[in-house]
Structure formats: C-alpha cells, structure tokens
C-alpha cells in the first residue's frame, strides 16, 4: 500500500508551509513523482495553545482531533504536527489514532543527544517551557536546558505573536535581541523549539547553522526516515531506547 | 458552514508549497485563527502532464480525480490546482465535482485583461502552449500572446525539468537566458504560465515585478476573493462576462 504522510497543521499556517517546504527540500527526488505523498490539513481556527495552557483558555484538543479524523479518513499512514506547544497533547492525540505519530520534541531531542551536546538554550513559547516538554527529556539524558528569564521570555512571546500577525521585521528584531542577550551569557547553542522561530530567525540560522537546532528540520528528517524504512515501528523502538521517556 | 479550500497539488510539490505560501502571505490575518482553512492533497505520482499531451504517455486524469475525491470527501468547498498544464483537463475535472473550481488560466488571463495589456510573452510548458490554454482566451480579448521559438521553448522545458530535479541554479540560468533573448526582441511583459516558473524566476520577478505576471499569484488572489465573498458563484458570473470563454 502506498505510504501517505499526514500533516496536522494550522498551528500556525506559516509553520505548516515551512514544514512542507522543508519536506520537499530534504527529499532526494529527480522528478515530481519521487516526492513523498502528503495530505495537509491546515484548519487554523484551533484555540490558541498557549492561551489554553497558561490562561486557562478553551482546549485545542477537540479541534486537533477533528483534523486528525480528516487525515485518517483520507487514508494517511503516519502523522506529523509541526507545532511544539501542541505536543503538550501528544500522548492523547497519539492514543486517538492507530498509525505512527512522529513527535517533534523527540526528533529535536534525538538530534541533541546524538550530537553529544551538553547544554542548550530553549527558544520556545511560554507554554512549551512551563509544560517542560523539552526539559524533562533533556535532563534524563544529562543535558542542561537553559531557559530565558521572565523578561526575555516575555519578549520571545511578543516576537512569535508579531510573526503570526504578519510583522516579520518586528518579530526578527525582538528575537535577535533575545539571542544576543543569551549569547552575552555564554550560550552558543539554541533549540528553535517553536515552529515559528526558524522562520523568524531564518537569516541568522542560515548564517550560523552550528548555533541553531531547528526542531522542524529534525521532525522532517525523522519523517523522511519513516518514509524510507519498510518497518518504521522497529526503527521507532531504536529511538525510544535512545530517548528515555519521561 | 465553514468554508474550506481544497488544493489539488503535487504537480509539482514545490509549486504546491509555493501556492500555499502565497495564500498565507496574501491573507490579511492578525493571528493563526484568521487564516483560510485549507486541505492540500499532494500525491505526486500523477503521470506527467507534458508526457501525456506531447508524447502520448499515460493520462494523469484518473490520478487527479482520485485526489479530487479525497478533497471532496474531506469536506472542502472549493478547488484550486496550482499547475497550468493540468488545466488541459480542467473542464473534465470541474464536471466531476459539485463545488467551485477556480481556474489558474482564467485568473491569470483576467489580470492581463484588467490591466489592459496588449501583448505578452508566454513562459510555459510545451504542452500548455500546444494546447493553446492561454492563446485562445487572450486572442478573443484582442491580446497578442507571443510564443518562444522551438529552440527557446526546448530550453524552457529543460529549465522546468532541472527545477523539478532539484537543480535551482541550472534552472535559473537557462530560464534567465530565455528571458534575455525575448527581451532582445522587444518583449517586456511575461506570463509565468507554469507554476514552477515563479520559483525559477523568483529573484528577477521580485526585482522587476512590472515585467512578470505570476499565474499562481493571480490564482491565489482569486481564491481569497472566493473566500471573502458570501456568494462566489455570483462573483464568478461577473468574471465569466469579463473573459469570453473559448
């Protein structure tokens, strides 16, 4: 049976388009027909993930499950969701489908572990940080995960919100100043742990690729791995040994 | 009922991603939830459109109809297909669904008519040219549609094929030399009538936007129009008056 990838998108649409572009760019193909078949559901009126987790706003889970249903009915064989914060609901979402669901958090953490990195700073939404999505997994692998202070974190959120509102320049300016502040403290490795951040920092992260880990990129590489392996579940078990689950 | 856009993609995947990115960039939205809901089916092992039309290869129609079925079952309310050549089968595809299907050819021709342009050169696949997809509509509106000679057209196809194979630099170099040759003949207006061409010519078309009409861009603007109008069928009738159908 033909493998079809399913992308649960819309969180936000720009990040969904970025993940799609990265899938195409990372696939070795000499013609259209060799690219990975994909169905993308980007129905973005999903309640805001940060609002839900931090300010007790409505849960995005029912809307996310609705998008998953569309993907499953359309016949996809694997799910990816290019939004880090939404992975707070990962276990519940994974349980609701009977096909593989590749985690962006696991993909990025695997990269950090494999590269033997000892300390990283996490650039992410306040909700991703408060939920500890990265910190627990990294701590169990003896990797230090540095968190911006409250003032810097407030600015990071401001930058993400500006990007989502279409204001790339403000978003970039604010985020670059946060990166500079962290660099002054001696940090030289950053996880871009929110799928808008590789878009906001695209110029600097292309200029200094050794400084930045792009969670979207890692998710896509893991996805291409899934597509190429005949038996991905076996491959997943190998990864699960690598990451101690929390 | 919520309007959901359906994109019949995969022809090729890069052009599909470009259309999605242009949809997001052209939508006025201050947050994720204000973006246009979309489902994209990009299952690219559709037989090559040019091969089918010029070299009597297998028809892409059954595979395109299969993607349309997925979109209809998923509940989309309108179809777009960011591939000019595939519009050879537009009438058949349109008949096979009961929802609006916005034509990229009509969208681009409308732009040319509205701007009162008297003469354009068509950069497109050999199949799009041989099928006369643009020429008939433009001729009926007294617009001259200039076609590259056989040698230049051969190079244009070579460029498109190079782009699809991931070789952006060769694709750009070849296409730019064709544009220069046409400019030497006094041509100063080009229709990018193949959805790979705005990607191949992205640098020059951004530098000289007045010289290039991007069919993908026009399709997306028409699509946003569909999304915003309560009664799009009424709006479509207005457009049909504007374009005399051939």
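Residue numbers (full-length UniProt numbering), protein chains in the order written: chain A, 1 to 246; chain B, 1 to 246. Beta carbons: idealized from backbone N, C-alpha and C, even for Gly. The model shown is predicted, which means the values in this text are computed figures rather than measured ones.
Residue-chain proximity (residue i, chain B), Cβ-Cβ < 9 angstroms
i, result
"residue 41 (chain A)", "yes"
"residue 30 (chain A)", "yes"
"residue 212 (chain A)", "no"
"residue 221 (chain A)", "no"
"residue 217 (chain A)", "no"
"residue 158 (chain A)", "no"
"residue 74 (chain A)", "yes"
"residue 121 (chain A)", "no"
Residue i (DSSP reduced to helix, strand or coil)
i, result
"residue 6 (chain A)", "strand"
"residue 229 (chain B)", "coil"
"residue 298 (chain B)", "It is not possible to answer for residue 298 (chain B), since the shown part of chain B is limited to 1 through 246."
"residue 180 (chain A)", "helix"
"residue 241 (chain B)", "Bear in mind that the predicted position of residue 241 (chain B) carries a pLDDT of just 46, short of 50, making it unreliable; the figure below should be weighed with that in mind. Of the three classes helix, strand and coil, the one that applies to residue 241 (chain B) here is helix, per DSSP."
"residue 194 (chain A)", "coil"
"residue 121 (chain A)", "strand"
"residue 145 (chain A)", "strand"
"residue 98 (chain B)", "coil"
"residue 59 (chain B)", "coil"
"residue 214 (chain B)", "strand"
"residue 73 (chain A)", "helix"
"residue 79 (chain A)", "strand"
"residue 159 (chain A)", "helix"
"residue 42 (chain B)", "strand"
"residue 115 (chain A)", "coil"
9 angstroms Cβ cutoff, residue i in contact with chain A
i, result
"residue 38 (chain B)", "yes"
"residue 16 (chain B)", "yes"
"residue 35 (chain B)", "yes"
"residue 2 (chain B)", "yes"
"residue 127 (chain B)", "no"
"residue 48 (chain B)", "yes"
"residue 170 (chain B)", "no"
"residue 13 (chain B)", "yes"
"residue 24 (chain B)", "yes"
"residue 202 (chain B)", "no"
"residue 86 (chain B)", "no"
"residue 245 (chain B)", "Reliability fails at residue 245 (chain B), whose pLDDT of 39 lies under 50, so the model's placement of it is uncertain and no value is given."
"residue 10 (chain B)", "yes"
"residue 20 (chain B)", "yes"
"residue 57 (chain B)", "no"
Cut-off 6 angstroms between Cβ atoms - residues of its own chain near residue i, not counting five sequence neighbours on either side
i, result
"residue 63 (chain B)", "46"
"residue 171 (chain A)", "159, 162, 163, 200"
"residue 198 (chain B)", "192, 214, 216"
"residue 135 (chain B)", "145"
"residue 105 (chain A)", "87, 133"
Proximal residues to residue i (C-beta, below 8 angstroms), its chain only, five neighbours per side dropped
i, result
"residue 49 (chain B)", "11, 60, 83, 85, 86, 88, 125, 127"
"residue 238 (chain B)", "Residue placement at residue 238 (chain B) is flagged as unreliable, the pLDDT there being 49, under the threshold of 50; the coordinate-derived value follows with that caveat. Counting only Cβ-Cβ distances below 8 angstroms, and skipping sequence neighbours, we find nothing."
"residue 182 (chain A)", "121, 146, 148, 152, 190"
Neighbourhood of residue i by C-beta distance below 7 angstroms, restricted to the same chain and skipping five residues each side
i, result
"residue 27 (chain A)", "35, 36, 224"
"residue 211 (chain A)", "188, 189, 190"
"residue 222 (chain A)", "102, 107"
"residue 43 (chain B)", "10, 67"
"residue 196 (chain B)", "12, 14, 15, 160, 163, 164"
"residue 51 (chain A)", "57"
"residue 246 (chain B)", "A caution first: residue 246 (chain B) carries a pLDDT of 34, below 50, which makes its placement in the model too unreliable to give a value."
Residue i versus residue j: straight-line alpha-carbon distance, rounded
i, j, result
"residue 229 (chain A)", "residue 96 (chain A)", "24 angstroms"
"residue 93 (chain A)", "residue 202 (chain A)", "30 angstroms"
"residue 111 (chain B)", "residue 109 (chain A)", "48 angstroms"
"residue 141 (chain B)", "residue 113 (chain B)", "7 angstroms"
"residue 91 (chain A)", "residue 57 (chain A)", "20 angstroms"
"residue 152 (chain A)", "residue 122 (chain A)", "12 angstroms"
"residue 220 (chain A)", "residue 179 (chain A)", "24 angstroms"
"residue 29 (chain B)", "residue 13 (chain A)", "11 angstroms"
"residue 206 (chain A)", "residue 137 (chain A)", "27 angstroms"
"residue 144 (chain B)", "residue 17 (chain A)", "37 angstroms"
"residue 20 (chain A)", "residue 20 (chain B)", "9 angstroms"
"residue 22 (chain B)", "residue 186 (chain B)", "30 angstroms"
"residue 116 (chain B)", "residue 208 (chain B)", "19 angstroms"
"residue 167 (chain B)", "residue 176 (chain B)", "14 angstroms"
"residue 156 (chain A)", "residue 25 (chain B)", "22 angstroms"
"residue 69 (chain A)", "residue 1 (chain B)", "18 angstroms"
"residue 244 (chain B)", "residue 139 (chain B)", "Low confidence applies here, because residue 244 (chain B) scores a pLDDT of 44, under 50, leaving its location unreliable and the question unanswered by this model."
"residue 252 (chain B)", "residue 184 (chain A)", "Chain B is shown from 1 up to 246; residue 252 (chain B) falls before or after that span and cannot be answered."
"residue 150 (chain A)", "residue 169 (chain A)", "23 angstroms"
Expected contact under 8 angstroms - CB spacing of residue i and residue j to nearest Å
i, j, result
"residue 77 (chain A)", "residue 41 (chain A)", "In fact, because the Cβ distance is near 15 angstroms, the residues do not count as touching under 8 angstroms."
"residue 165 (chain A)", "residue 31 (chain B)", "6 angstroms"
"residue 5 (chain A)", "residue 38 (chain A)", "4 angstroms"
"residue 173 (chain B)", "residue 53 (chain B)", "The pair is not a contact, with the Cβ atoms about 27 angstroms apart (cut-off 8 angstroms)."
"residue 65 (chain B)", "residue 7 (chain B)", "About 15 angstroms separates the two Cβ atoms, so there is no contact after all."
"residue 98 (chain B)", "residue 73 (chain A)", "The pair is not a contact, with the Cβ atoms about 19 angstroms apart (cut-off 8 angstroms)."
"residue 227 (chain B)", "residue 3 (chain B)", "6 angstroms"
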